[in-house]
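>
Residue numbers (the numbering used here): 56 to 371.
Right, here's the structure in full:
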């Protein structure tokens, strides 16, 4: 969505983003956008439900009133300047349809995944004809009256926000530059998929025994039971210089780096597009949602990956 906002801003549109306080972007990094944050009732619950369908249901119920109130205040404030022309939304937020109708606002859906993972709704797709041409044709046949705009890959459009300094340790780039071309395996499972401590240990042992150079991004919030620190096994044997583990990494920079020769990924659509665009083959292990559809497409249609089939082995 941020990528699309950058594209629209480059075309002269003013951008206002309504976002939850949970996992919200840092406004400092996007000075050209105005942010309005709404409360996250569900994420204040100590033990939120683990079922994805239940989570979506609860989120749609809890965000209706805060979203309506925020949009109402925003529209009142913008009447004298620039009226709100359109809402661009994630298709999973069903509650937005009700609010859009109340305010008589056009509602456009941005589908951030691949086409096969979502065939019945959507106008803007983060894809392109050369990659998913046959699937685009299928969508247009199913809903010929619905305009479809494949404008991806969005991450390759220039952004006026690119000049903003990223306040993160970038020593991993120095480490990558010291490695031979195509010698490093990049490992990252994104920011949404959550794996258990046992699964984290299994990945660690696999990397250790592979004797392969690797850059591994481990985000504590994406590992169940971890807080701020990531603790690997005490006898996790590290060969000096063979591994580099960080909590954050600029993925586009990493995948474009000459030393990276492979990507162990959860197959989120953004990660998939970024890897394809940089010509990096993938090791696919999807965790949830459309990641499984993406992985099958990567392996069966494009044939640019190794698909790890089966299940994570949880500790019994």
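Ideal Cβ placement from N, Cα and C applies to all residues, glycine included.
So what's residue 153 in DSSP terms, helix, strand or just coil?
Helix at residue 153.
> Going by DSSP, which residues form a beta bridge with residue 243?
320, per the DSSP bridge assignment.
> Does the CB of residue 265 have a neighbour CB from chain D at under 8 Å?
The question asks about chain D, but that chain is absent: this structure has only one protein chain.
> Excluding the 5 residues preceding and the 5 following residue 94 in the sequence, name in chain order all residues of the same chain whose CB lies nearer than 6 Å to its CB.
Once the five neighbours on either side are set aside, the close Cβ partners of residue 94 are 121.
> Quick test of your reading: residue 319 and residue 338, contact by CB under 8 Å. State the CB separation rounded to the nearest angstrom.
About 4 Å separates the two Cβ atoms, so the contact holds.
> In the DSSP assignment, find the unbroken beta strand (DSSP E) run with residue 206 in it and report its ends.
Element bounds for residue 206: n/a, residue is neither H nor E.
> Which residue wins for smallest C-alpha separation from residue 313, given the options 229, 250, 115, 111?
Residue 229 is the option with its Cα nearest to residue 313.
> Spatial neighbours of residue 340 within its chain, please: C-beta separation below 6 Å, excluding the five flanking residues on both sides.
Closer than 6 Å at Cβ, skipping near neighbours: 363.
> Expressed to the nearest angstrom, what Euclidean distance is found between the alpha-carbon atoms of residue 202 and residue 165?
Cα to Cα, residue 202 sits roughly 12 Å from residue 165.
> I'd like to know whether the C-beta atoms of residue 212 and residue 61 end up nearer to each other than 8 Å.
Closer than 8 Å, so yes.
> Can you give me the Cβ contacts of residue 119 inside the same chain, cut-off strictly under 8 Å, excluding the 5 residues immediately before and after it?
Cβ neighbours of residue 119 beyond the five flanking positions: 150, 153, 154.
> Could you tell me the boundaries of the alpha helix (DSSP H) in which residue 75 lies?
From DSSP, residue 75 is part of no alpha helix (DSSP H) but of the beta strand (DSSP E) over 70 to 75.
> Restricting to Cα atoms, I'd like to know which of 179, 344, 336 is closest to residue 354.
Closest by alpha carbon: 336.
> So residue 161 packs on residue 183, CB below 8 Å; how close in whole Å?
Residue 161 to residue 183, Cβ: 24 Å. No contact.
> If you draw a straight line from the C-alpha of residue 240 to the C-alpha of residue 56, how long is it?
So the alpha carbons of these two residues sit roughly 28 Å apart.
> What are the boundary residues of the alpha helix (DSSP H) that includes residue 349?
Residue 349 -> alpha helix (DSSP H) spans 346 to 352.
> Please work out which residues of its chain come closer than 6 Å, Cβ to Cβ, to residue 358, disregarding the five sequence neighbours upstream and downstream, and give them in chain order.
So the list is empty, once near-sequence residues are dropped.
> Could you give the distance in angstroms between the alpha-carbon of residue 73 and the alpha-carbon of residue 270?
Their backbone Cα atoms lie some 34 Å apart in a straight line.
> Tell me the rounded alpha-carbon separation between residue 179 and residue 298.
When rounded, the distance between both Cα atoms is 39 Å.
> So what's residue 272 in DSSP terms, helix, strand or just coil?
Reduced to three states, the DSSP call for residue 272 is strand.
> Between the beta-carbon of residue 254 and the beta-carbon of residue 274, is there less than 8 Å?
No, they are not a contact pair.
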